[in-house]
Amino acid sequence: MKLQMHSIHFDADQKLIDFIQRKADKLDTFYDRIVDGEVFMRLDKHEKNANKIVEIKMNVPGKTLFAKQQSDSFEAAADEAVEALRRQIKKFKEKVVLANQ
Numbered sequence: 019m020k021l022q023m024h025s026i027h028f029d030a031d032q033k034l035i036d037f038i039q040r041k042a043d044k045l046d047t048f049y050d051r052i053v054d055g056e057v058f059m060r061l062d063k064h065e066k067n068a069n070k071i072v073e074i075k076m077n078v079p080g081k082t083l084f085a086k087q088q089s090d091s092f093e094a095a096a097d098e099a100v101e102a103l104r105r106q107i108k109k110f111k112e113k114v115v116l117a118n119q
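Take the sequence shown: its position 54, counting from 1, is numbered 72 in the working numbering, and each next residue is one higher.
And the structure:
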């Protein structure tokens, strides 16, 4: 799946980008018609703990799915965001299947 990565107010290292790409690629196993997506990684300067925010926007035919998670590390926030998107994709897929019956 094609993902655009945006790191806001910092430079994300390649290991982090590859980690998020691998996690997001697993979503293809739940729904193979995902068009593309965008990932926004941001540091919240007002928080001391859990100051890393990951937002993921996925485009599927007819809908845009979105998840935003905040955690102590970008990896944990990405994990949680991908899990939230997995649940949204499963719900969306069930609706599509029911609509086509």
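Where a beta carbon is used, it is the ideal one built from N, C-alpha and C, also for glycine. Everything numeric in this text was worked out from a predicted model, so none of it was measured.
Pull up the distance between the alpha-carbon of residue i and that of residue j, whole angstroms please.
i: D97; j: K41; result: 7 Å
i: K81; j: A117; result: 14 Å
i: L45; j: F110; result: 13 Å
i: D43; j: F37; result: 10 Å
i: H27; j: K63; result: 10 Å
i: Q39; j: Q119; result: 34 Å
Output yes or no for whether 7 Å exceeds the beta carbon distance between residue i and residue j.
i: M76; j: A30; result: no
i: I71; j: A99; result: no
i: Q88; j: A68; result: yes
Kindly indicate which residue of the options has the alpha-carbon position closest to the one of residue i.
i: V115; options: Y49, L21 and H27; result: Y49
i: M19; options: K63, I26 and T47; result: T47
i: A85; options: P79, R104 and Q119; result: R104
Identify every residue that forms a DSSP beta bridge with residue i.
i: L116; result: Answer by DSSP bridge pairing: none, since L116 is not bridged.
i: V78; result: K81
i: D54; result: K20 and N77
i: R60; result: I26 and I71
i: Q32; result: Answer is none; Q32 lacks a bridge partner.
i: S91; result: Partner(s): none; S91 has no beta bridge.
i: K86; result: E73
Which same chain residues end up closer than 8 Å to residue i when comparing Cβ atoms and leaving out the 5 residues on each side of it in sequence?
i: Q22; result: D54, G55, E56 and V57
i: R51; result: V78 and P79
Short of 7 Å in beta carbon distance, which residues of its chain neighbour residue i, apart from the five on each side in sequence? Order them along the chain.
i: I35; result: M23
i: F92; result: L34, M59, K70 and V72
i: I107; result: L45, F48, Y49 and L83
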